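Q: Residue numbers (the working numbering): 6 to 641.
Idealized CB from N, CA, C, for every residue including glycine.
No experiment lies behind these values; they were computed from the predicted model shown.
Got a structure for you, written out below as structure tokens; questions coming shortly.
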Amino acid sequence: MKIIHGTWIPNAEFNFIQAGSFCLWVEVPSGAGKPSKEQVHPRHLKKDELVTFLTQELGLKENALQLKERISPKYFALPTFENQPLPSPELTKYLETEAITEYEGFQYWQIDCYKTVACTKTDSSHIATAVNIIKFINDIHFLALYNLGEFQLGSDLLFWYHYTQAFKPIILKDQYIPALKYQLLENTPTINKVKQKSHKNNNFEIYPSWEIISEQYESNIKKYVEYMPSICMAGSFIFSDTVEFFDPEPLLRHFSEYLLNNLVTHTQSTAAFDKKITDSLVHHCLHSKKHNPLTTNNKAEEYQQWLVWKNKITRTTADSSFHLCFQLDSATADFIDNWQMHFLVSSKKDPSLKLLLADYWTQSAKAKTNIHKDFGKDFEKNLLLNLGYAARMYPNLWKGLECDRPTGLQLTLDEAFGFLKESAWVLEDSGFKVIVPAWYTPTGRHRAKIRLKASSKKNGASKSKTKSYFNLDSLVQYQYELAIGEQVVTSSEWEQLVNAKSSLVNFRGQWMELDRDKMQQLLEFWQQNADEQPEMTLLEFLQKSAEAGDDWEIEHDEALSAMMAKLQDKSQLEPVAQLTNLQGTLREYQKRGVSWLNYLETVGIKRLFGRRYGFREIRTGNCAIGTGKRTNQSRE
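Next up, the structure:
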């Protein structure tokens, strides 16, 4: 058994913008003994063995020489007893020795680690590419799940897997902004003296970068700081007699910010886009290595402007005692362009406490004072500010802000559909709350589909002396129907929906969003099969049922429902012990196979697979074991 460890280690040298590396190492059971004078960990894969593991078991495509260049010693502060590092809890359960629960303290141990590639450059094109650490860890986690008998993740790498999965939506939702980092040279005594001399007239440096702006990110940091194992904080690039651990929160933030910058700055862009953003803040942040540091006076003015802009961006509902909400109410079938969006607020302390702005503005001064107790004394100021911030993301809101007491606005059908498809989720991700009609939620949404209405023939299922409930050669009659939700739709109604101008339609008094291209495909399928009264075997029916996706619905008659319930009854699927009549020993997976065959026997599917696929049978108890056609003798 091998245990894969890994964690983020910031670089040892000091820089204002500090780099780091994600370092991977492998712990093995063998190798315990007297450590060398250099405090080398006795239970880790050394360079050559680690290269073999990375290429053969993890499937890294790089050649051995490239891998060796990125494998170097790192140092981890590990609990130590009798001058031996204790094995990790994950490895301890695989060792034959008794677990040691006490230790004398922490010491640094030298371990050969694989440093994941942050970026690489080709000499000819100078095109930089980034290794997505999120994907890298996810792939290792996937491999470990299917190789539990060979290797598994240590608590440190498992922690980083869960954190990176939680961090991934922050990047995918673009919850970050271009940023400028400012430092005074006189406050940094270790700054390079040559650099100071070259910029002697300016005592500052500004570094373009990227900054995460996300309430979800801040929530993740608070949560995962509590979960972080000590080994995640124990890495170091240098050896020291004094053991020091990283603080968990700065370590998480450093990893997140470095990962974000690495991904964004190594994302390739077109020449046209680069020309469009030339000499802008975005250009400096995308090509930070070309521009770091910025030292001119006009860049200092840009920094001040950026601070004002950032303050406006970050001042959302996080600074107030309430959430600003946007509630969309559906139009009627007679007035399809009369969609109403209402403005309301909900208390952060008590989300069930909601207030429509239309009701608020009509309140007396005394009543408003009482309302401010729940929503903050600066309620009106924060309300109007947040409405303005939201309108920058969804410009249609400006129509509702043309008065001094905004309550909402009216939308057309196309505007409402555009809001539901895109703008609602942009606002939601920015900290606002959006209330959509129930029919647009995942649970209330109606889908267009083909309904397969199936019934068994009277002579299709029978009981025999062998107590067979059914057999797979039984015939099933079926027909196709067009349906939306639970309602059957005629072909003429379906065609009208396909030919509608908008994908948002009102059908039988209910609004719904339909994929007209998919509906056209379903209509063509139905037209090809509508006039038939076909039959299929029960086995074919089971296969079609198993393959049915969101575009299909299966409806059974009473007899078929009983058959399906019997087949899906797993209470009779029990593990079997070793079979006494079998000359051989069943492995665990073979025992599970026998249990399955026994289960099929119980529900009445007897020897069918053997006959259908040409397997010879060995009778053991009341079930048969197929042995294939390669040999005349039974195998284990």
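(1) Please confirm whether Ile211 and Tyr308 have their CB atoms less than 8 Å apart.
(2) Buried or exposed, going by whether 16 or more other CB atoms sit within 10 Å of the CB of Gln533?
(3) How about Tyr485 and Leu432: are their beta carbons less than 8 Å apart?
(4) Could you say if the region 368-380 and the region 303-319 meet the contact criterion of at least three C-beta pairs nearer than 8 Å?
(5) Using the C-alpha atoms, what's the distance from Gln112 back to Arg48?
(6) Give me whichever residues DSSP pairs with Asn511 in a beta bridge.
(7) By Cβ distance, which residues of its chain are closer than 8 Å to Asp161, with the 5 residues on each side in sequence left out?
(8) Whole angstroms is fine: what's the gap from Lys386's alpha carbon to Leu358's?
(9) Do the CB positions of His227 and His328 come within less than 8 Å of each other?
(10) Sort Leu148, Trp311, Asp144 and Ile138 by Cα distance to Pro213 and report the nearest one.
(11) Would you decide whether Asn88 is buried or exposed? Buried here means 16 or more other CB atoms lie within 10 Å of its CB.
(12) Here's the rule: buried if 16 or more other CB atoms are within 10 angstroms of the residue's CB, otherwise exposed. What is Tyr99?
(13) In chain order, what residues of the same chain lie with their CB nearer than 6 Å to the CB of Ile139, ignoring the 5 residues before and after it?
(14) My guess is that Gly25 and Tyr263 are in contact by the Cβ rule of under 8 Å, so how many angstroms apart are they, rounded?
(15) Out of curiosity, what's the CA-to-CA distance linking Val350 and Leu361?
(16) Which residues mark the beginning and the end of the beta strand (DSSP E) in which Phe86 is found?
(17) What are the residues that DSSP puts in a beta bridge with Val439?
(18) Helix, strand or coil for Gln44, going by three-state DSSP, please let me know.
(19) Please tell me whether Gln515 and His451 are closer than 8 Å, where the distance is taken between their beta carbons.
(20) Contact defined as beta carbons within less than 8 Å: I believe Asp17 pairs with Phe242. What is the distance between those atoms, to the nearest angstrom?
(21) Among the residues of its own chain, which have a CB less than 8 Å from the CB of Ala149, if the five just before and after it don't count?
(22) Quick check on Trp314: buried or exposed, where buried means 16 or more other Cβ atoms within 10 Å of its Cβ?
(23) Could you check what DSSP says for Thr60 in three-state terms: helix, strand or coil?
(24) Touching or not, the region 329-337 and the region 415-434, by the rule of three or more beta carbon pairs under 8 Å?
(25) Within the region 230-262, note down every full alpha helix (DSSP H) run reaching 4 residues or more, in order along the chain.
(26) If Ala239 and Leu83 are in contact, beta carbons under 8 Å, what's the gap, nearest whole angstrom?
A: By the coordinates alone:
(1) A contact, by the Cβ cut-off of 8 Å.
(2) Looking at its Cβ environment, which holds fewer than 16 other Cβ atoms inside 10 Å, Gln533 is exposed.
(3) In this structure, Leu432 does not lie closer than 8 Å to Tyr485 by Cβ.
(4) Because the criterion of three Cβ pairs below 8 Å is not met, the region 368-380 and the region 303-319 do not touch.
(5) Between the alpha carbons of Arg48 and Gln112 lies a gap of roughly 15 Å.
(6) Answer by DSSP bridge pairing, in chain order: Trp516.
(7) Once the five neighbours on either side are set aside, the close Cβ partners of Asp161 are His10, Gly11, Thr12, Pro234, Ile236 and Cys237.
(8) One C-alpha to the other measures close to 20 Å.
(9) Looking at the sequence shown, residue 227 is not His but Lys. Contact flag unset, no.
(10) Of the listed residues, the one whose Cα sits closest to Pro213 is Trp311.
(11) The residue is exposed, with fewer than 16 neighbouring Cβ atoms inside 10 Å.
(12) A residue is called buried when at least 16 other Cβ atoms come within 10 angstroms of its Cβ; Tyr99 does not meet this threshold and is exposed.
(13) Beyond the five residues adjoining it in sequence on each side, Ile139 comes within less than 6 Å, by CB distance, of Thr169 and Lys173 in the same chain, given in chain order.
(14) Indeed, because the Cβ distance is near 6 Å, the residues count as touching under 8 Å.
(15) Between Val350 and Leu361, the alpha-carbon positions lie close to 7 Å from each other.
(16) Per DSSP, Phe86 is one residue of the beta strand (DSSP E) stretching across Ile76 to Phe86.
(17) DSSP, once it has assigned bridges, lists Phe331 as partnering Val439.
(18) Under the three-state reduction of DSSP, Gln44 is assigned to coil, being neither helix nor strand.
(19) Taking 8 Å as the cut-off, the Cβ atoms of Gln515 and His451 count as close.
(20) A small fix is needed here, since residue 17 is Ala in this sequence, not Asp. So it is a contact: roughly 4 Å between Cβ atoms.
(21) Same-chain partners within the cutoff: Ile9, Phe156, Gln157 and Leu158.
(22) The C-beta of Trp314 has fewer than 16 other C-beta atoms within 10 Å across all chains shown, which makes the residue exposed.
(23) Three-state result, Thr60: helix.
(24) The region 329-337 is in contact with the region 415-434.
(25) Runs found: none.
(26) Confirmed, about 7 Å.
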